[in-house]
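As structure tokens, the structure follows; a few thoughts come after it.
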Amino acid sequence: VATTLDMDDPRRRALFARVQNSLGEQLSQGSTYDFERAQKSFQQSVAIKKELKPVDKPGLARAYGGLGRLYLFAARKIEDDSARRPLITRARTYFQEDVELCQDYGDVAGECQMHSHLGECEWLLGNADQAVSHYERSMELSQSAISNAFALLGLMKIALAEGGERLQRYAPRTLRFVEENTLAPFL
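Here the sequence shown is numbered in the numbering used here, starting from 66 and rising by one per residue.
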């Protein structure tokens, strides 16, 4: 497709970058899953978005978030810690890029979501305190029940694994959340 478009036109390059990002998302899940093709699509999207002036910060953030999810979800499928660790580390880097962009252009919901993903990355890397910090930050930024639910799930996963003070702190908070909220539209 790219060879048939006038790629010197910035509008067409921007559109092509958006298409690549959408393709990357589609290839990241379900029956169309293809890690290598998804990675290539996201990376193409990032490269183009970085070149465009002005930079498409929301689009660039989405591409970095897509790359982060691609790596994190791939890592979840791997049992061997030494094989999955580099994938999680890479995911963390992409999520951090997304957070910085979200902060720069004021996307609170995007930043919230990325902090939950960063929390999972830190937990999987064995950094419980950093994971808790990210989940707590996600809770602070949250503007929806579903965002709170993701952060609380992460916090409870840590609390159940570690017990003690964390369990005493997060179990009542989670129960209150469940009593006060319904996630029916999301389930």
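Quick reminder that beta carbons are idealized off the backbone N, C-alpha and C, glycines included.
The structure displayed is predicted, hence computed values, not measured ones.
Between S207 and A216, which are expected to be in contact by the criterion C-beta below 8 Å, what is the C-beta distance as a whole number of angstroms? At roughly 7 Å, the Cβ-Cβ gap stays under 8 Å, so S207 and A216 are in contact.
Between which residues of its own chain and L152 is the CB-CB distance below 6 Å, once the five residues before and five after are set aside? Y136, A139, A140
- [ ] Please report how far the alpha carbon of Q161 lies from the alpha carbon of T239, in whole angstroms.
- [x] 26 Å
N- and C-terminal bounds of the alpha helix (DSSP H) containing D74:
No alpha helix (DSSP H) holds D74; DSSP gives it neither H nor E.
Whole-angstrom C-beta distance between A79 and D121, which should lie under 8 Å:
6 Å
Cα-Cα separation between H199 and R134, rounded to whole angstroms: Rounded to the nearest angstrom, the two C-alpha atoms are 16 Å apart.
TODO: May I ask which residues mark the beginning and end of the alpha helix (DSSP H) holding Q168?
DONE: 146-170
Residue range of the alpha helix (DSSP H) that S106 falls in? 100-116
Would you mind sorting R234 into buried or exposed? The rule is 16 or more other CB atoms within 10 Å of its CB. exposed
- Message: Taking only three categories from DSSP, how would you classify I223?
- Response: Looking at I223 - three-state DSSP - the assignment turns out to be helix.
DSSP state of D194 mapped onto helix, strand, coil: Helix at D194.
### Task
Check I143 in the structure and name its three-state DSSP category.
coil
Item to check | Same chain only: Cβ atoms within 6 Å of S203, ignoring 5 sequence neighbours per side | outcome: C177, H180, S181, A216
For this session: Determine, using beta carbons only, whether A224 and A214 come nearer to each other than 8 Å.
Result: no
*asked:* The alpha helix (DSSP H) that contains T239, what's its start and end?
replied: 229-245
Does DSSP classify V120 as helix, strand or coil? coil
Nearest-angstrom Cα separation, counted from R241 out to E165: 32 Å
### Query
By the 10 Å Cβ neighbour count, where 16 or more other Cβ atoms means buried, how is A174 classified, buried or exposed?
Flag for A174 reads exposed.
**Asked** Nearest-angstrom Cα distance between G228 and C186?
**Response** If I take the Cα positions, the gap works out to 20 Å.
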